[in-house]
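Accompanying notes for the structure given below.
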Amino acid sequence: MWDGAAMIEHDAVAAAVEAAVQNVSADPVSVANVLRSIDCNSPVPGATGFIAFDQATGNQLDKALPILSIDPDGSVHPVDLVWSRGRPLNTAPDCGG
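To convert, take the position in the sequence shown, counting from 1, and add 404; that gives the working numbering.
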């Protein structure tokens with residue numbers, strides 16, 4: 405798990421399961437619509453932090469991004485943790501807009 409792939413895959417499944425649980429229909433299109441409705445007011449807790457999507461773009465909101473260093477010998481180690489907007493997800497009612 406040195407690259408975090410398992411954590412990202414966990415979060416993808418967690419978001420999909422939450423959308424399926426919230427969905428009132430068995431129609432796959434409606435599951436996708438529920439998935440898109442997961443926003444900063446209803447984030448899904450994940451291994452990498454809260455999962456939420458921007459309602460205008462569909463992009464993830466304030467996802468933590470690890471900064472890694474690759475040494476000459478190929479070993480990888482974490483350097484920092486940053487967010488797309490410089491801070492963790494704000495779950496206030498106005499989403500910290």
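Ideal placement from N, C-alpha and C gives every residue a C-beta, glycine not left out.
C-alpha gap between residue i and residue j, whole angstroms
| i | j | result |
| --- | --- | --- |
| G453 | A468 | 7 Å |
| P432 | D415 | 19 Å |
| G478 | I471 | 15 Å |
| A409 | A430 | 29 Å |
| L485 | N427 | 33 Å |
| P476 | D466 | 31 Å |
| V480 | S488 | 22 Å |
| N463 | F457 | 5 Å |
| P492 | C444 | 11 Å |
Closest by C-alpha distance to residue i, when choosing among the options
| i | options | result |
| --- | --- | --- |
| V435 | V417, A451, G490 | V417 |
| T461 | S441, S446, V428, A451 | S441 |
Status (buried if at least 16 other CB within 10 Å, exposed otherwise) for residue i
| i | result |
| --- | --- |
| D498 | exposed |
| E422 | buried |
| Q459 | exposed |
Proximal residues to residue i (C-beta, below 6 Å), its chain only, five neighbours per side dropped
| i | result |
| --- | --- |
| A424 | V435 |
Residues of its chain near residue i, where Cβ-Cβ distance is below 8 Å and the 5 sequence neighbours each way are ignored
| i | result |
| --- | --- |
| A419 | L439, I442, V448, G450, I455 |
| I474 | V480 |
Residues near residue i by beta carbon distance below 7 Å, same chain, minus five either side
| i | result |
| --- | --- |
| I412 | T452 |
| V483 | I471, L472, S473 |
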